[in-house]
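Report on the structure given below.
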Amino acid sequence: MRAIETIKNIWKIEDLRKRIITTILLVLVYRVGSYVVLPGIDPANLDALRSQTSKGLMQLLDMFSGGAFSNASIFALGIMPYITASIVIQLLGMVMPSFQKLQREGESGRRKLNQYTRYLTVAILLIQGPSYLVNLRVQMQGAFPADFMFIVSSTIVLAAGSMFIMWLGERITDKGIGNGISFIILVGIIARLPLAFAAEF
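Numbers 1287 to 1487, taken from the working numbering, label the letters of the sequence shown in order.
Shown next, in the form of structure tokens:
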């Protein structure tokens, strides 16, 4: 009963209500996008990919992407390339004097480090995109459009999808509730939990 009263009181605060609605709408955009299949891929031919992502490391990747990995979605690479880039930049800050200097410069240094993180994210995406498509071709066995232009265009779509997720996370941080990137990861994990439990039991 007390929890219901607390929710009612939260809903009465206009700014908080707007932030909750904004967060829900942005999360809905993310969840819908995880079901949008790459152009040129027939969803009926993805059974082998779903089987591959039902166990081991692939299952973990699929969980972090909220199922987009196994759906061959435009969001298939998820937010992980950005997290990887962030970790690399943090490590560089421990060993490289130029990065250490930026870390000490306050807001301007933080902006520059964020810019480097984005550049590194794009570089990682341009490596991971074709790698994902090679795996997809192996799993689909002949039902995969193998021409060069498809690989290039799909890599661009996958990279744009991940950058869009990153943008959604930043909007949630600015106009929604909590840390947007963490929230998107949490939503992805929660979305895959029922299937993970079903596969386990």
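Virtual Cβ for every residue (Gly too), placed ideally from N, Cα, C. Remember, it's a predicted structure, so these values are computed and weren't measured experimentally.
Name the DSSP bridge partner or partners of residue i?
i, result
"serine 1359", "Val1323"
Would you grab the beta carbon distance between residue i and residue j for me? Rounded to a whole angstrom, and I think it's under 8 Å.
i, j, result
"arginine 1303", "tryptophan 1297", "6 Å"
"phenylalanine 1361", "serine 1351", "7 Å"
"alanine 1444", "glycine 1415", "A small fix is needed here, since residue 1444 is leucine in this sequence, not alanine. That pair is a contact at about 4 Å."
"proline 1480", "isoleucine 1410", "Contact doesn't hold; Cβ gap of about 30 Å is too wide."
"isoleucine 1327", "alanine 1358", "5 Å"
"isoleucine 1365", "isoleucine 1467", "6 Å"
"proline 1329", "valine 1323", "5 Å"
"arginine 1317", "lysine 1461", "With a Cβ gap of about 18 Å, arginine 1317 and lysine 1461 do not count as contacting."
Can you tell me the Cα-Cα spacing of residue i and residue j, whole angstroms?
i, j, result
"valine 1315", "glycine 1455", "11 Å"
"glutamine 1425", "leucine 1332", "8 Å"
"serine 1440", "isoleucine 1471", "23 Å"
"threonine 1309", "glutamine 1389", "30 Å"
"leucine 1335", "glycine 1447", "19 Å"
"methionine 1449", "valine 1438", "17 Å"
"aspartate 1348", "glutamine 1386", "35 Å"
"valine 1381", "proline 1431", "44 Å"
"asparagine 1295", "arginine 1423", "52 Å"
"valine 1473", "serine 1320", "12 Å"
"threonine 1370", "isoleucine 1451", "15 Å"
"proline 1383", "glutamine 1427", "49 Å"
"isoleucine 1476", "asparagine 1421", "26 Å"
"threonine 1292", "threonine 1459", "23 Å"
"arginine 1404", "glycine 1379", "16 Å"
Quick check on this structure: which residue in the options has the alpha carbon closest to the alpha carbon of residue i?
i, options, result
"valine 1408", "Leu1422, Gln1345, Ile1442", "Ile1442"
"tyrosine 1418", "Gly1474, Phe1355, Val1318, Asn1295", "Phe1355"
"isoleucine 1463", "Pro1383, Leu1312, Met1452", "Leu1312"
"methionine 1435", "Ile1290, Asp1301, Pro1325, Glu1300", "Pro1325"
Enumerate, from N- to C-terminal direction, the unbroken alpha helix (DSSP H) stretches of 4 or more residues contained entirely within the stretch 1302 to 1338. 1333 to 1338
At what residue ranges does the stretch 1361 to 1398 contain a whole run of the alpha helix (DSSP H), taking only runs of 4 or more? 1366 to 1381, 1383 to 1390
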